[in-house]
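Listed in order, the protein sequences are those of chains G and S. Residue numbering for the first sequence is 1 to 343, as defined by this note's numbering. Residue numbering for the second sequence is 1001 to 1343, as defined by this note's numbering. Glycine residues also receive a C-beta, built at the ideal position from the N, C-alpha and C atoms.
Number of protein chains: 2
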Amino acid sequence: MNKISKKITIVDVASEAQVSFGTVSRVINNDIHVKPETRERVLQTMERLNYVVNRQAQKLAGGRSNVIGLLVPDLGTGYIGEIIRGIDSELTLSDYDLMLYTTHRTASKEAGYVFSLAQDMVDGILLVLPRNPVDYTGTLAKKKFPFVLIDHQGTGENCPAVGASNWQGAFNATDYLIQLGHKRIGFITGSLDLGAAIDRLEGYKTALRTHHIHIDPVLIFEGTFEQPDGYTGTAQFLDLKSPPTAIFASNDCMAMGVIDAVRDHGMKIPDDISVIGFDDIPQASLVRPALTTVQQPLEQMGRMAAQMLFEILKNPDSKPDRIQLPTQLMIRDSTAKLKGSSG
Amino acid sequence: MNKISKKITIVDVASEAQVSFGTVSRVINNDIHVKPETRERVLQTMERLNYVVNRQAQKLAGGRSNVIGLLVPDLGTGYIGEIIRGIDSELTLSDYDLMLYTTHRTASKEAGYVFSLAQDMVDGILLVLPRNPVDYTGTLAKKKFPFVLIDHQGTGENCPAVGASNWQGAFNATDYLIQLGHKRIGFITGSLDLGAAIDRLEGYKTALRTHHIHIDPVLIFEGTFEQPDGYTGTAQFLDLKSPPTAIFASNDCMAMGVIDAVRDHGMKIPDDISVIGFDDIPQASLVRPALTTVQQPLEQMGRMAAQMLFEILKNPDSKPDRIQLPTQLMIRDSTAKLKGSSG
DNA sequence: TCAAGGAATGTAAACGCTTCCAAATGAACA
DNA sequence: TGTTCATTTGGAAGCGTTTACATTCCTTGA
Chain G
1 MNKISKKITI VDVASEAQVS FGTVSRVINN DIHVKPETRE RVLQTMERLN
51 YVVNRQAQKL AGGRSNVIGL LVPDLGTGYI GEIIRGIDSE LTLSDYDLML
101 YTTHRTASKE AGYVFSLAQD MVDGILLVLP RNPVDYTGTL AKKKFPFVLI
151 DHQGTGENCP AVGASNWQGA FNATDYLIQL GHKRIGFITG SLDLGAAIDR
201 LEGYKTALRT HHIHIDPVLI FEGTFEQPDG YTGTAQFLDL KSPPTAIFAS
251 NDCMAMGVID AVRDHGMKIP DDISVIGFDD IPQASLVRPA LTTVQQPLEQ
301 MGRMAAQMLF EILKNPDSKP DRIQLPTQLM IRDSTAKLKG SSG
Chain S
1001 MNKISKKITI VDVASEAQVS FGTVSRVINN DIHVKPETRE RVLQTMERLN
1051 YVVNRQAQKL AGGRSNVIGL LVPDLGTGYI GEIIRGIDSE LTLSDYDLML
1101 YTTHRTASKE AGYVFSLAQD MVDGILLVLP RNPVDYTGTL AKKKFPFVLI
1151 DHQGTGENCP AVGASNWQGA FNATDYLIQL GHKRIGFITG SLDLGAAIDR
1201 LEGYKTALRT HHIHIDPVLI FEGTFEQPDG YTGTAQFLDL KSPPTAIFAS
1251 NDCMAMGVID AVRDHGMKIP DDISVIGFDD IPQASLVRPA LTTVQQPLEQ
1301 MGRMAAQMLF EILKNPDSKP DRIQLPTQLM IRDSTAKLKG SSG
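Shown next as structure tokens:
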């Protein structure tokens, strides 16, 4: 109620509660060595004074800051948005706050800079898809800085990571198309420097092999996970003498490009051509026709990653864990039985 | 190259560069009183030692932290995502980092708590759409804490804010429908505790009045900006004896609900009924038929807000500015001339 | 040649906390 | 009653900065 409410510190709380500031600090940190009634008195005083701990000072003095960092490549696609939601929902249950770094933003500076910066801001860090994960994880592991990789790309290192079963997802999707009678299936890859992209490609290939279908290199277009790749690849496919009857894009963004290209060619989905994506971003169920896609549990991945990080923070010596969440084929309206197929 | 690369501080830099740490601090802060050659030497030493300033300590010692906060209600709709992208792109050009707070996450605790927390973490804060802006802005203004409101709701206060011309956007959209020959136009409102929602409703009403069209209360459905409202409202409209021939939803999310409801009623868009949304979220151009909507420059709003905040940070006494960005009608495929209309 | 004054640099104190060690208190036992 | 040991509390040092003030150095003009 004072004119200018000056900042309340542990010293203020201490003098109000008739204890030393050391004791107040102990209360804050749930130290055992405080008499219950003293603790209670201090807590009440903190309440009454609207005391809020200064995390800067906490961290500076060698404690935790109760802030975790999230490093993402960009905010473009909704893909990240889903992951953030998962993280956020986990944060709700904890006492942590979130610091957001986008790598494109700091691409100019070296990765090391970001980390140095992050390291004394946050207690741990969550990493989404840095294109070149080598430096990142190496640096962090060396410094024993707590981190978890999201949608990891399987660098040799043995570090905590949560990902999805990309291989299985791609296999199932391809298999499903084959069940529908499709034999010529175009595939648009993601950035092949990413483990996830490779796994998807392999899943596709394996499904074809399993059904003894020839893997035609002409039907594989190398993309980069960006929407235009879907368009370009599809345009290329449709110019073939023997074009595919179905197209499997390595993510939903590219699938949107595929849809546009198909439409621009005057063909109809799914009547003339079936389309499958990967990720199940929010848009996927909204476009018309609704996109059949492989659901990647993005939100859950974010949630799990946050959980894992908290676990590591709590118990720094826990051994690195690698979690793989199942993907699920979401059958919607962009796929159909091949016309004239007996399948 | 050392085994354990211990943290480099200004003291290390100072001793390496043969100056006192005070001088190093001066270099960091671009203080005039440093001999150019000394400055150069210090800068080179910092470079060589990979020195990175500790922002915790900076802030603690009374300086800035070079971190700004962003307080958003949630991460649901892509609406926020667009805004964040704008902010982020502005951040790229600056030396600031971003702290993300979601209010739902802290709803349990009082708003004051979040602010106390934020205030000593960040230099300034960007606010998106807190449902009850009163407390927030009041508290902040009183403490003279730098902040900018995004997509503001016009509380009486005179505080820095960037918004969009909701009224004009709604007017134009309604006017356009009328030009197409529509006379019975359903309107689904947003949460009417928000200024933006009210402005949109008023724009709609004014357009009708301007064309001497009766404002039928039956054609106004009160929603909350959530997708299901669009569905419910539309279902209700279509059950009317004299149903609307066009529906204007106060945001794109609800428009998606409208589309679903129309489809479920076995009617076609835009042949049987025209639909307009508001916001132009990324999905809008992706759904089929592509949604005609009022483009709200979300990314630009984020960008402007960040700019304003930086400006305030640089010059704390600059007078509060209220920016209103123009909205734009994006005509796509969900609207058409009224059948049998001579318009 | 010397004093005066400004430019450049050094230094102590403070920011709000944690942590470690020392001091005080109290309980249990002989 | 005194001793011992565990529990609880107090207080100093330090985290990496900024800032205000003190000091040193160099110019300049008489």
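**Q.** Pick from Ile312/G, Leu309/G, Asn315/G, Gln295/G that is closest to Val330/G, judged by C-alpha positions
**A.** The sequence shown places Met at residue 330/G, rather than the Val named in the question. For the residues Ile312/G, Leu309/G, Asn315/G, Gln295/G, the minimum Cα distance to Met330/G belongs to Gln295/G.
**Q.** As assigned by DSSP and simplified to three states, the class of Ser165/G
**A.** Three-state result, Ser165/G: coil.
Q) What residues in the region 273-299 of chain G bring their beta carbon closer than 9 Å to a beta carbon of chain S? A) Of all residues in the region 273-299 of chain G, Pro282, Gln283, Leu286, Val287, Arg288, Pro289 have a Cβ within less than 9 Å of some Cβ in chain S.
**Q.** Where Ala1057/S meets chain G, residues with beta-carbon distance less than 7 Å
**A.** Correct list: Leu60.
Q. Along chain G, in chain order, which residues have C-beta atoms closer than 7 Å to that of Tyr1101/S?
A. Going along chain G in sequence order, the residues near Tyr1101/S (Cβ under 7 Å) are Asp97.
Q. Which word fits Asn1315/S, buried or exposed, when buried means at least 16 other C-beta atoms lie within 10 angstroms of its C-beta?
A. Under the 10 Å beta carbon count, Asn1315/S is surrounded by fewer than 16 other beta carbons and is classified as exposed.
Q. In chain order, which beta strand (DSSP E) runs of at least 3 residues are fully inside the region 1216-1293 of chain S?
A. Correct list: 1246-1249, 1274-1279.
Q.
If I measure Cβ to Cβ from Asp74/G and keep anything under 8 Å in the same chain, skipping five residues before and after, which residues do I get?
A. Same-chain partners within the cutoff: Ile80, Thr102, Thr103, His104.
(Q) Per the DSSP calculation, Ile32/G is bridged to which residue(s)? (A) Per DSSP, none; premise fails for Ile32/G.
Q) Using the C-alpha atoms, what's the distance from Ala1246/S back to Leu1238/S? A) Going from the Cα of Leu1238/S to the Cα of Ala1246/S covers about 11 Å.
Q: Mind listing the chain S neighbours of Met322/G? Cutoff is C-beta to C-beta under 7 Å, in chain order.
A: Here the sequence assigns Arg to residue 322/G, which means Met is not the residue at that position. Near Arg322/G there are no residues of chain S at all, since even the closest Cβ is about 26 Å away, more than 7 Å.
Q: For the beta strand (DSSP E) holding Gln324/G, just list the boundary residues, first then last.
A: Segment 322-325, the beta strand (DSSP E) holding Gln324/G.
Q.
What does the alpha-carbon distance come out to for the pair Ile10/G and Arg26/G?
A. Whole-angstrom Cα-Cα distance: 11 Å.
Q) Per DSSP, Asp1097/S forms a beta bridge with which residues? A) For Asp1097/S, which the question treats as bridged, DSSP gives the partners Val1067/S.
Q) So, is Pro326/G buried or exposed, given that buried needs 16 or more other C-beta atoms within 10 angstroms? A) Counting of Cβ neighbours within 10 angstroms places Pro326/G among the exposed residues, the total staying below 16.
Q | N-terminal and C-terminal residue of the beta strand (DSSP E) that Gln1328/S is part of | A | 1328-1330 is the span of the beta strand (DSSP E), which, as asked, contains Gln1328/S.
Q.
Can you tell me whether Phe1171/S is helix, strand or coil according to DSSP?
A. Helix.
(Q) To the nearest angstrom, how far is the alpha carbon of Glu37/G from that of Cys1253/S? (A) Separation of Glu37/G and Cys1253/S (C-alpha to C-alpha, rounded to the nearest whole angstrom) is 53 Å.
Q) Cβ of Gly230/G versus every heavy atom of the ligand HEM: is any distance shorter than 7 Å? A) As for the ligand HEM, it is missing from this structure, which has no ligand bound.
Q: Report back the beta-carbon spacing between Ile323/G and Met304/G to the nearest angstrom; my notes put them in contact at under 8 Å.
A: Confirmed, about 6 Å.
Q) Under the three-state reduction of DSSP, which class applies to Val1122/S: helix, strand or coil? A) Reduced to three states, the DSSP call for Val1122/S is coil.
Q | Buried/exposed call for Thr45/G, threshold 16 Cβ in 10 Å | A | Buried is the call here.
Q. Does any CB atom of chain S fall closer than 8 Å to the CB of Val128/G?
A. Not a single CB atom of chain S sits nearer than 8 Å to the CB of Val128/G.
Q. How many Å lie between Asp333/G and Arg288/G at the Cα?
A. Roughly 8 Å separates the two Cα atoms.
Q.
Excluding the 5 residues flanking Val1258/S on each side, which residues of the same chain have their C-beta closer than 6 Å to its C-beta?
A. Contacts found: Gly1230, Thr1234, Ile1247, Ala1249, Val1275.
Q: Sort His214/G, Ala164/G, Gln168/G by Cα distance to Lys183/G and report the nearest one.
A: Residue His214/G is the option with its Cα nearest to Lys183/G.
Q: Tell me Gly186/G's beta-bridge partners as DSSP assigns them.
A: For Gly186/G, which the question treats as bridged, DSSP gives the partners Ile247/G.
Q) In chain S, which residues lie with their C-beta within 9 Å of the C-beta of Asp120/G? A) Those within 9 Å of Asp120/G in chain S are Lys1007, Val1052, Asn1054, Arg1055, Gln1056, Ala1057.
Q. Ile84/G touches chain S at which residues, Cβ-Cβ below 7 Å?
A. Chain-ordered, the chain S residues with CB closer than 7 Å to the CB of Ile84/G read Leu1075.
Q.
Counting only Cβ pairs nearer than 9 Å, list the residues of chain G close to Met1256/S.
A. Within chain G, the residues near Met1256/S are Leu286.
Q: Determine the DSSP secondary structure at Leu1127/S, reduced to helix, strand or coil.
A: Looking at Leu1127/S - three-state DSSP - the assignment turns out to be strand.
Q) Which of the three DSSP states, helix, strand or coil, is assigned to Gln1018/S? A) Residue state, collapsed to three classes: coil.
Q | Minimum C-alpha distance to Gln119/G - residue among Ile1028/S, Val1053/S, Leu1071/S | A | Considering only alpha carbons, the answer is Val1053/S.
Q | Proximal residues of chain S, C-beta to C-beta of Gly63/G below 9 Å | A | Here the premise fails: no neighbours, minimum Cβ distance about 11 Å.
Q.
Spatial neighbours of Met1/G within its chain, please: C-beta separation below 6 Å, excluding the five flanking residues on both sides.
A. With a pLDDT of 35 at Met1/G, under the threshold of 50, the modelled position of that residue is not reliable, and the figure given next carries that caveat. Contacts found: none.
Q: Mind listing the chain G neighbours of Gly1078/S? Cutoff is C-beta to C-beta under 9 Å, in chain order.
A: Within chain G, the C-beta atoms nearer than 9 Å to that of Gly1078/S come from Gly78, Gly81, Pro282, Gln283, in chain order.
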